[in-house]
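Engineer:
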Amino acid sequence: MENRSGENNVQSRPTHKGQSAMSWGTELWDQFDNLDKHTQWGIDFLERYAKFVKERLEIEQNYAKQLRNLVKKYCPKRSKDEEPRFTSCVSFYGILNELNDYAGQREVVAEEMGHKVYGTLMKYSQDLKAERKHHLQEGRKAQQYLDHCWKQMDNSKKKFERECKEAEKSQLTYERLDNDINATKSEVEKAKAQYYLRTHMADESKNEYAAQLQNFNAEQWKHFNNAIPHIFKNLQDMDQRRTVKLGETYRSFAEAERRVIPIISKCLEGMVSMAKAVDERRDSGIVVESFKSGFEPPGDFPFEDFSQNLSRTGSDGAISNTPKGERDGVPVSRADPKHAMSKTKNKLWLFGKKPKWSVKMAPSVEDFSHLPPEQRRKRLQQKIDELNNKLQIEMDQRDALNKMKDVYEKTPPMGDPNSLQPKISETIFNMEKLRSEIHKHEAWLSEVEGKQASRDRRHSADNHHPTPQGRESPEGSYTEDTSQEHHTPHHHSSPPQPGHPSTDPHEFDDEFDDDDPLPVIGHCKALYSFDGQNEGTLVMAEDEVLYIIEEDKGDGWTRARKQSGEEGYVPTTYVEITMEKNCKGAVTYI
619 MENRSGENNV QSRPTHKGQS AMSWGTELWD QFDNLDKHTQ WGIDFLERYA KFVKERLEIE
679 QNYAKQLRNL VKKYCPKRSK DEEPRFTSCV SFYGILNELN DYAGQREVVA EEMGHKVYGT
739 LMKYSQDLKA ERKHHLQEGR KAQQYLDHCW KQMDNSKKKF ERECKEAEKS QLTYERLDND
799 INATKSEVEK AKAQYYLRTH MADESKNEYA AQLQNFNAEQ WKHFNNAIPH IFKNLQDMDQ
859 RRTVKLGETY RSFAEAERRV IPIISKCLEG MVSMAKAVDE RRDSGIVVES FKSGFEPPGD
919 FPFEDFSQNL SRTGSDGAIS NTPKGERDGV PVSRADPKHA MSKTKNKLWL FGKKPKWSVK
979 MAPSVEDFSH LPPEQRRKRL QQKIDELNNK LQIEMDQRDA LNKMKDVYEK TPPMGDPNSL
1039 QPKISETIFN MEKLRSEIHK HEAWLSEVEG KQASRDRRHS ADNHHPTPQG RESPEGSYTE
1099 DTSQEHHTPH HHSSPPQPGH PSTDPHEFDD EFDDDDPLPV IGHCKALYSF DGQNEGTLVM
1159 AEDEVLYIIE EDKGDGWTRA RKQSGEEGYV PTTYVEITME KNCKGAVTYI
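Each residue of the sequence shown is one higher than the last, beginning at 619 in the numbering used here.
Quick look at the structure:
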């Protein structure tokens, strides 16, 4: 076999002594038809293996497709609010992701088999067919030429045989007439001439036959010692290359699978890691966090004495109007039955079936007041985060527009800076609207957190001082009268710093309580009108000129004073500020 140095696909194997010297040309010189059949069988076997590889890669493709469909089925698209939080769910979706990667590796296997094995085999099969056809045509041509030489030799041989027989016949005729005394001289001379002619023709046929025989023997020697060995050697090389190619593709078939084993192992390790990440305690904590209402457990029901109006006697057997608890020295409170029924209606459904009136839930409102305190706090915080993200986007857009406006002002051919003003104004309006929304939600959040802090303090105090009977904590509790249920009013305080809730509704009042007025550090002109509905803000009209007494501290508000002496905060983006030159840190905002 040919030694293919540099190719790692076929390893050299030891052969028996003399095995490599076996040649089809010398050993199988007379087996042309059988070699024809063998080479055709070799190509058919190669194509059969190629068909096997094709079906194998189709199995891989279908397997990968089914795995991906399975992952898609059990891992549907989810919104951000529906993202799994339980470790068991997160691990399961992690396993699905690893399985999806595993399916990708099966597709890689199919692609490798299709490109490096099946495609190679089919192309090589076509080349083998063309090469085999060429070699067999050469062998048939050589055989046809040898057959032609043999026919020529055979024809000359038969001619020589005929001429010899004719010469023998003419000789017998001449000898018979020559010995016949009745034969004339002319007949003898004629038979003699015919005898000489046939003898001459036999000699010529003999020479021709000898020449044709010598030529045929030479061509036959060339045929069986040169032509056929060369053709059979080419067929042998072709068949050996076919065998080598099969060995290479067998190896490639296995390598396609082995290459992905490290990645598949990582996928399986990832699945094991996901399994180890399941934490039952954390999942239990998430359940508490998800469904905790923030309500306090209901208190003890008071003893209701219905025997107060019964007449009593002083005998020992008379029914005592004192409850067992009081007889034992333990005081028992008395509650109004009307209020007890109210408490029962308001509290028992927490542990049992809700009454019909509680099934009709209030529609979702902006402040999430229909939710329990803890869930309301979470939803408000989520809403504030969303609004802050939107505000940041608007601020980035404003900065980009201002930079573009500066470029247009410095380079007028690039564009008209005034064309950007409507978009800038719209962005500023959106920013103020978002700031107002953030402030509103932060106020609600402060209200909820204030309630929770108050409840915690009251709960701590109740450990030493019991709550008066007939009333519990304001959060979802009952009172002595349904008209006295606790409702915390919504305080609309002055605009706080964006992203930070204001917990003190009198924040601005404290700032304006200073006896000495702040000095004027600049002036501003209102670009837009501002209604100043929130406490601590200042109403201003468009183009109104105000005095600046305190710069923007980064919260988007500037403290100003009207000519009438009224002070308050105005949005920094609503005014064009000019600081006094002798004032430190004078900046002009647009």
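Glycine included, each C-beta is placed from N, C-alpha and C at the ideal position.
With a CB to CB cut of under 6 Å and the five nearest residues on each side skipped, what residues in its chain are close to F778?
Structural biologist: These residues qualify, in order along the chain: S823, K824 and Y827.
Engineer: Where does G660 land, buried or exposed, given buried means 16+ other C-beta within 10 angstroms?
Structural biologist: That one is buried.
Engineer: According to DSSP, what are the bridge partners of H1057?
Structural biologist: Note: H1057 sits in no beta bridge, so no partner.
Engineer: Alpha carbons only, please: which of L685, R1179 and G1154 is nearest the one belonging to P1135?
Structural biologist: That would be R1179, whose Cα lies nearest to the Cα of P1135.
Engineer: Per DSSP, what kind of secondary structure is T738 in: helix, strand or coil?
Structural biologist: T738: helix per DSSP, three-state reduction.
Engineer: Rounded to a whole number of angstroms, what is the C-alpha to C-alpha distance between T1196 and G1154?
Structural biologist: Roughly 23 Å between the two C-alpha positions.
Engineer: Measuring only the C-alpha atoms, how far is Y814 from Q789?
Structural biologist: About 8 Å.
Engineer: Rank T705, K683, P880 and C1142 by C-alpha distance to the C-alpha of V905 and give the top, closest one.
Structural biologist: For V905, the nearest C-alpha among the options comes from T705.
Engineer: Excluding the 5 residues flanking S709 on each side, which residues of the same chain have their C-beta closer than 8 Å to its C-beta?
Structural biologist: Here the set comprises M892, A893, A895 and V896.
Engineer: Could you tell me the boundaries of the alpha helix (DSSP H) in which G1186 lies?
Structural biologist: Run containing G1186: none in the alpha helix (DSSP H); it sits in the beta strand (DSSP E), E1185 to P1189.
Engineer: Measure the alpha-carbon distance for R750 versus N833 and round it to whole angstroms.
Structural biologist: Each residue's Cα considered, the two are about 30 Å apart.
Engineer: Between H753, N773, K803 and H818, which lies nearest to C782 when the distance is taken from Cα to Cα?
Structural biologist: Closest option to C782, Cα to Cα, is H818.
Engineer: Can you tell me whether G722 is helix, strand or coil according to DSSP?
Structural biologist: It is helical.
Engineer: Since K1143 sits in a beta bridge, which residues does DSSP pair it with?
Structural biologist: Looking at the DSSP assignment, K1143 forms a beta bridge with V1163 and E1194.
Engineer: Would you please state the rounded distance, in angstroms, between the beta carbons of R1177 and E1185? I believe it to be under 8 Å.
Structural biologist: Going by Cβ atoms, the distance from R1177 to E1185 rounds to 7 Å, so yes, they are a contact pair.
Engineer: Identify every residue that forms a DSSP beta bridge with E1168.
Structural biologist: For E1168, which the question treats as bridged, DSSP gives the partners R1177.
Engineer: Sorted by chain position, which residues of the same chain lie with C-beta nearer than 7 Å to Y1165's C-beta, five sequence neighbours on each side aside?
Structural biologist: V1138, H1141, A1178 and R1179, listed in sequence order.
Engineer: Going by C-alpha to C-alpha distance, which of N927, A801 and K1051 sits closest to M1013?
Structural biologist: Nearest option by C-alpha distance: K1051.
Engineer: Using a threshold of 7 Å, state whether the C-beta atoms of F842 and W642 are closer than that.
Structural biologist: Taking 7 Å as the Cβ cut-off, F842 and W642 do not qualify as a contacting pair.
Engineer: Within its chain, find whatever has a CB closer than 6 Å to the CB of A721; leave out the 5 residues flanking it on each side and keep chain order.
Structural biologist: Excluding residues within five positions, the ones whose Cβ falls inside 6 Å are A682, L685 and R686.
Engineer: Can you tell me whether F663 is helix, strand or coil according to DSSP?
Structural biologist: The answer is helix: DSSP assigns F663 an H, G or I state.
Engineer: Assuming contact is defined by CB atoms lying nearer than 7 Å, are Y1215 and L1156 in contact in what I supplied?
Structural biologist: The shown model of the chain, from 619 to 1208, leaves out residue 1215, and the question about it has no answer.
Engineer: In the DSSP output, what is M1158 paired with across the bridge?
Structural biologist: Per DSSP, F1148.
Engineer: Around the C-beta of Y692, are 16 or more other C-beta atoms found within 10 angstroms, so that it is buried, or is it exposed?
Structural biologist: Exposed, since its Cβ has fewer than 16 Cβ neighbours within 10 Å.
Engineer: Buried or exposed for H1104, please, with buried defined as at least 16 other CB atoms from any protein chain shown within 10 angstroms of its CB.
Structural biologist: The pLDDT assigned to H1104 is 36, lower than 50, so where the model puts this residue is not dependable; a value taken from the coordinates is nonetheless given after this. Flag for H1104 reads exposed.
Engineer: Less than 7 Å between CB atoms is the rule here; does E1153 satisfy it with respect to chain B?
Structural biologist: The structure shown contains no chain B, having only a single protein chain.
Engineer: Suppose the cutoff is 6 Å on Cβ atoms and the five residues either side in sequence are ignored; what does the same chain contact list for H1059 look like?
Structural biologist: For H1059, where only same-chain residues beyond five positions count, the Cβ hits under 6 Å are L998, K1001 and I1002.
Engineer: Here's a check: name, in chain order, each residue in its chain whose Cβ is nearer than 7 Å to the Cβ of K863, leaving out the five neighbours to either side.
Structural biologist: These residues qualify, in order along the chain: Y742.
Engineer: Suppose you measure from the CA of L746 to the CA of R860; what does that come to, to the nearest Å?
Structural biologist: Those two C-alpha atoms are separated by around 8 Å.
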